[in-house]
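Here UniProt numbering is used: position 188 in the sequence shown is 188, and no number is missing along the way. For each residue, glycine too, the CB sits at the ideal point set by N, CA and C.
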Amino acid sequence: MERNIDKEKMTNLHMKEAALVYLDRSGGLQKFMDDCKYYNDSKQSYAVYRFNILINPSDVVELDAELGNHILHHPLKAAQVFQSVCFVAVKTLSLIGQLQTETQINIVLKLTHLPSLPSYSLDLCEFPLDYTSQRFYMMQGIVIAMTTITKYTQGARFLCSDEVCPLSKGFQYIRVHVPGATESATVRNDFVCSLCSSSLQEDRKFRVLGDELVNKMKIGNEYKIIGIPACVKTSQTALCVEANSITPYTTKVPSGISDNFRCLLSLTSSSCWKFTGILANIFASQIVPPGTYNLLKLCLLMSLVQTSDCNRDPEDCLDILIITSDTLLVDRLLKYSMNLVSRGIHHPVSTEVFPTVYRNKYGTGAVSVQAGSALLAKGGVCFIGDLTSHKKDKLEQLQSAVLESRSITVFIPGKKFGDENDQQVTFPIQCSFWSFIDMDSSSRRNVQKTSTLIANLVKAFGLLINCNESSPCHPFLPTVQHTLKKAMDPEGLLYLASKQFTTEDFEKLLAFAKNLTMELSLEAERMIHGYYLASRRIRTDSVHGSKLSASALKYLVSLSEAHARLNLRNKVLKEDVLIAALLFELSLTLKYGATAFCVAPNALFPFELYNEEYLEQRDLHLTQYQQQLQQFIAACGPGTAIFS
Numbered sequence: 001m002e003r004n005i006d007k008e009k010m011t012n013l014h015m016k017e018a019a020l021v022y023l024d025r026s027g028g029l030q031k032f033m034d035d036c037k038y039y040n041d042s043k044q045s046y047a048v049y050r051f052n053i054l055i056n057p058s059d060v061v062e063l064d065a066e067l068g069n070h071i072l073h074h075p076l077k078a079a080q081v082f083q084s085v086c087f088v089a090v091k092t093l094s095l096i097g098q099l100q101t102e103t104q105i106n107i108v109l110k111l112t113h114l115p116s117l118p119s120y121s122l123d124l125c126e127f128p129l130d131y132t133s134q135r136f137y138m139m140q141g142i143v144i145a146m147t148t149i150t151k152y153t154q155g156a157r158f159l160c161s162d163e164v165c166p167l168s169k170g171f172q173y174i175r176v177h178v179p180g181a182t183e184s185a186t187v188r189n190d191f192v193c194s195l196c197s198s199s200l201q202e203d204r205k206f207r208v209l210g211d212e213l214v215n216k217m218k219i220g221n222e223y224k225i226i227g228i229p230a231c232v233k234t235s236q237t238a239l240c241v242e243a244n245s246i247t248p249y250t251t252k253v254p255s256g257i258s259d260n261f262r263c264l265l266s267l268t269s270s271s272c273w274k275f276t277g278i279l280a281n282i283f284a285s286q287i288v289p290p291g292t293y294n295l296l297k298l299c300l301l302m303s304l305v306q307t308s309d310c311n312r313d314p315e316d317c318l319d320i321l322i323i324t325s326d327t328l329l330v331d332r333l334l335k336y337s338m339n340l341v342s343r344g345i346h347h348p349v350s351t352e353v354f355p356t357v358y359r360n361k362y363g364t365g366a367v368s369v370q371a372g373s374a375l376l377a378k379g380g381v382c383f384i385g386d387l388t389s390h391k392k393d394k395l396e397q398l399q400s401a402v403l404e405s406r407s408i409t410v411f412i413p414g415k416k417f418g419d420e421n422d423q424q425v426t427f428p429i430q431c432s433f434w435s436f437i438d439m440d441s442s443s444r445r446n447v448q449k450t451s452t453l454i455a456n457l458v459k460a461f462g463l464l465i466n467c468n469e470s471s472p473c474h475p476f477l478p479t480v481q482h483t484l485k486k487a488m489d490p491e492g493l494l495y496l497a498s499k500q501f502t503t504e505d506f507e508k509l510l511a512f513a514k515n516l517t518m519e520l521s522l523e524a525e526r527m528i529h530g531y532y533l534a535s536r537r538i539r540t541d542s543v544h545g546s547k548l549s550a551s552a553l554k555y556l557v558s559l560s561e562a563h564a565r566l567n568l569r570n571k572v573l574k575e576d577v578l579i580a581a582l583l584f585e586l587s588l589t590l591k592y593g594a595t596a597f598c599v600a601p602n603a604l605f606p607f608e609l610y611n612e613e614y615l616e617q618r619d620l621h622l623t624q625y626q627q628q629l630q631q632f633i634a635a636c637g638p639g640t641a642i643f644s
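Here's what the structure looks like:
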C-alpha cells in the first residue's frame with residue numbers, strides 16, 4: 001500500500017516537472033507571470049485567481065505521454081497538476097501578495113485541438129451519450145439559441161458566521177465554478193462550517209464574475225467547440241457543455257468545377273450570355289424538363305451564387321417571390337435548388353421564422369432567444385413556402401424588419417422574465433428569402449384579411465416572377481410527360497443533360513462561383529446608375545413620390561454581380577448589367593405596369609435553346625435590348641447623355 005502511495009506521489013511530481021517544462025517552452029509561463037502582475041496591481045479583492053493556460057495536446061504528448069494522457073482523459077486532475085505548479089511559482093517569485101492558499105488558483109486548460117479520432121467527437125445523434133467520463137470532446141454545430149448575457153460566479157469566498165471559530169477568517173472556504181455547474185451549486189445560503197456546523201456567509205467583495213462564453217458566439221453561426229459534457233436531458237435531447245475553446249467554422253469549398261462545365265465554359269467564351277443561358281436551360285432537369293421555367297431557374301441560380309459561407313453584406317441577398325398556379329412543381333423546384341448550398345432552410349409553417357424569447361429551463365434560468373428559420377439560414381436561403389399561409393404579424397415583420405432593413409429586433413420585457421430593465425437585441429438578417437403566391441388556391445381564409453399587406457410585400461421583394469405554366473414560356477405538354485415518366489421511374493435520369501451535368505456538378509459550380517471576389521467595371525457602374533436614375537425618374541409622381549427606393553440601386557448591383565459570378569468572372573460587365581436590368585424591369589412591370597423601357601415577359605429566353613443557332617439568335621435578341629436600354633438611359637436619365 002505504501003509503495004502504491006509513493007509511486008503515485010512520484011508520478012505526480014514527474015507530471016508537475018513536465019508541466020513546468022511545457023509552460024516554459026510554450027511561453028505559457030511568461031503569460032502566467034503577466035496575468036499575476038495584473039492581479040497584483042489590481043485594487044479589486046479576489047477570492048479566486050483565474051488563469052487560462054493554452055495547451056497544444058500534440059506538444060504535451062511529445063514531451064510527456066503521461067501528462068498528455070491526463071490532459072486528454074482526466075482534465076480536472078491535470079488542472080490540479082498545473083494548479084500546484086502555478087501556486088509554487090506565485091509563492092517562490094512573490095507574484096501575488098494577497099494569495100494565501102492553493103485552492104484560490106483556478107486553472108482553465110484551453111486546448112488548441114483534439115486528436116482527429118472518432119472517440120473524441122460528440123455526436124448528439126448517437127446513443128448512448130458519454131457525459132460521465134468528464135473528459136474533453138469536440139462538438140460541431142450551428143448556434144440555434146442563446147441566452148442574454150448573464151454573469152455567473154467564477155469563484156467566491158465564504159467565512160464561518162461564528163467569530164470564535166478559527167475558520168471565520170482566511171481563505172479556507174472557497175467555492176469555484178466547475179464544468180456544468182449551475183449558479184446555485186457555486187453560491188447559495190445553506191452551506192455550513194465543517195468544524196462547528198455554523199452557517200457560512202459569503203464575503204461578497206471577493207466574488208469573481210464572468211460572461212466570456214456568450215460574448216464570443218453569435219446566433220446562426222457554425223462553430224467547433226472543445227469542452228467537457230456535463231449533463232444531458234434525454235427527454236428534450238439537450239446537452240450542456242462547458243466550452244473550453246470555440247472556433248468559428250467555415251464550410252470547405254470544393255476545389256473547382258467539373259470537366260464538363262469547364263468544356264462548356266470554353267465553348268461559350270465568345271459570348272457573355274450563352275453560358276448562363278445554357279445553365280438555366282439544363283438546371284434541375286431532375287425536377288422539370290430542360291427548356292421549361294428557364295427564367296425562374298436563372299433567378300434561382302443567381303440567388304444561390306449570392307449566398308456566402310463568410311460574412312458578406314446582407315444587401316447582397318436576392319429575395320425571390322413567385323406568382324404561380326402550379327405550386328406543387330414550383331415547391332419541388334425551390335426545395336431542390338436550396339439544397340445545393342450549405343445553408344438552405346425550408347421553414348415549416350408550424351415553427352417561427354424569426355427569433356422568439358422564452359425562459360431557459362436549463363442552467364441559470366436566464367432569458368433565451370430561439371433563432372428561428374431566418375437566422376439559421378445565415379449566409380444561405382430561407383424558403384418560407386406560400387406567402388399567404390403566414391399570419392398577419394409575421395408578414396408585417398417580413399416586410400418592415402427584414403426585406404427593408406435586413407435586421408430584426410427582439411424585445412425582452414423585464415417584468416415578464418424577472419428583470420428590472422427591458423432589453424432589446426438586434427440581429428442582422430443575412431439570408432435570401434424565397435416564397436410564392438398560389439393564384440388559384442381555393443383556400444382564401446387569410447388572403448382577404450391580408451390583401452393590402454400581401455400587395456405591399458409583393459412590392460418589397462426584389463425579384464417578382466410570374467410563373468404561368470400555360471404561357472408560351474412554359475409549354476404544358478413536356479411537363480406532363482416528365483411527371484408521368486418520373487412517376488414510373490423516380491430515380492431515372494430522363495435527359496442527357498442530367499447525365500452530363502449532375503447535381504454534384506452544380507453544387508461545385510455554385511460553391512466556386514459564390515466565393516469569387518467581384519469588381520465593377522467603369523462601364524457597368526455607369527450603366528447601373530444610368531438605368532436606376534432613368535427608371536426612378538420615370539416612376540416618380542408629384543403625389544406619391546418615387547416608387548423606387550435607394551435600396552434598388554444596391555439590388556441592381558447585386559443582380560449584376562450574380563450574373564457575372566454565374567459566368568465565373570471576377571469583373572462585372574455591361575452585359576451583366578443588361579440581364580440585371582431586364583430582370584428588374586420585369587419585376588417593376590408586374591408591380592407598377594410598363595414604361596418607356598418596355599420588356600416582354602420572354603425577353604431573356606425568346607427561343608428554346610436547342611442548338612448553337614438558337615443561342616446565336618438569343619444573343620442578337622439581347623444585343624437589341626442592350627441598345628434599347630442605352631436609348632432609355634439617354635432619353636430618361638438626367639445627366640447620362642454619354643450613353644446616346
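- Between the region 609-621 and the region 549-560, the count of Cβ pairs shorter than 8 Å is below three; the stretches do not touch.
- Glutamine 140 and histidine 177 have their C-alpha atoms spaced approximately 24 Å apart.
- Pairing cysteine 431 with valine 381 gives a Cβ-Cβ distance under 8 Å.
- At least 8 Å separates the beta-carbon of phenylalanine 506 from that of tryptophan 434.
- Assignment of beta-bridge partners to valine 208 by DSSP yields Gly155.
- Rounded to whole angstroms, aspartate 331 and isoleucine 287 show a C-alpha spacing of 10 Å.
- Between tyrosine 223 and the set Gly256, Asp203, Asn294, Ile144, the nearest pair of CA atoms involves Ile144.
- Contact between isoleucine 579 and leucine 615 is ruled out by a C-beta separation of about 15 Å, above the 8 Å threshold.
- Per DSSP, reduced to three states, the secondary structure at arginine 188 is coil, with no helix or strand assignment.
- Around the beta carbon of alanine 564, 16 or more other beta carbons lie within 10 angstroms, which makes this residue buried.
- In the three-state scheme derived from DSSP, where H, G and I count as helix and E and B as strand, arginine 539 is classed as coil.
- Look at lysine 110 here: in three-state DSSP terms it is strand.
- Residue ranges of uninterrupted alpha helix (DSSP H) with 4 or more members, entirely inside the UniProt domain "MCMDC2 N-terminal" (15-114) and ordered along the chain, are 28-41, 57-63, 65-73, 75-93.
- Contact between valine 357 and valine 341 does not hold, since their C-beta atoms are separated by about 29 Å, which reaches or exceeds 8 Å.
- Taken atom to atom, the span from the alpha-carbon of phenylalanine 512 to that of threonine 307 is near 11 Å.
- For arginine 359, the enclosing beta strand (DSSP E) starts and ends at 356-359.
- Here the region 315-335 makes no contact with the region 101-114; the two share fewer than three CB pairs at distances below 8 Å.
- Note on geometry: alpha-carbon atoms of tyrosine 49 and phenylalanine 87 lie some 11 Å from one another.
- By the neighbour-count criterion, in which 16 or more other beta carbons inside 10 Å mark a residue as buried, serine 535 falls on the buried side.
- Annotation: the continuous beta strand (DSSP E) that includes glutamate 202 extends over 200-202.
- In this structure, Leu29 is the residue among Thr112, Lys43, Leu29, Ala65 with its C-alpha nearest to the C-alpha of glutamine 83.
- Per DSSP, alanine 280 is one residue of the alpha helix (DSSP H) stretching across 274-282.
- A residue is called buried when at least 16 other Cβ atoms come within 10 angstroms of its Cβ; asparagine 421 does not meet this threshold and is exposed.
- Restricting attention to Leu333, Pro289, Gln370, the CA atom closest to the CA of leucine 301 is found in Leu333.
- With respect to lysine 508, glycine 256 sits close: the two C-beta atoms are nearer than 8 Å.
- In this structure, Met146 is the residue among Thr112, Asn339, Met146, Pro118 with its C-alpha nearest to the C-alpha of valine 369.
- Cβ-Cβ distances below 8 Å link aspartate 162 to Ser168, Cys193, Cys196, Ser198 in the same chain, with the five nearest sequence neighbours on each side left out; the list follows chain order.
- Around alanine 460, the same chain offers Gln399, Leu403 as residues with beta carbons nearer than 6 Å, after the five sequence neighbours per side are excluded.
- In the pairwise beta carbon analysis, the region 91-99 is classified as not touching the region 69-77: fewer than three pairs are separated by under 8 Å.
- Of the candidates Ala562, Asp440, Arg359, His390, Arg359 places its Cα closest to the Cα of proline 413.
- Within the region 300-349, the runs of alpha helix (DSSP H) at least 4 residues long that lie entirely inside it are, in chain order, 327-338.
- By the neighbour-count criterion, in which a residue is buried when 16 or more other Cβ atoms sit within 10 angstroms of its Cβ, aspartate 123 is exposed.
- According to the DSSP assignment, aspartate 505 belongs to the alpha helix (DSSP H) that extends over 503-514.
- Annotation for tyrosine 120: no beta strand (DSSP E) segment contains it, and DSSP assigns it neither H nor E.
- In the same chain as valine 208, and ignoring 5 residues on each side of it, the C-beta atoms closer than 8 Å to its own belong to Tyr46, Ala47, Val48, Arg50, Thr153, Gln154, Gly155, Ala156, in chain order.
- Distance between alanine 18 and aspartate 64, taken at the CA atoms: about 6 Å.
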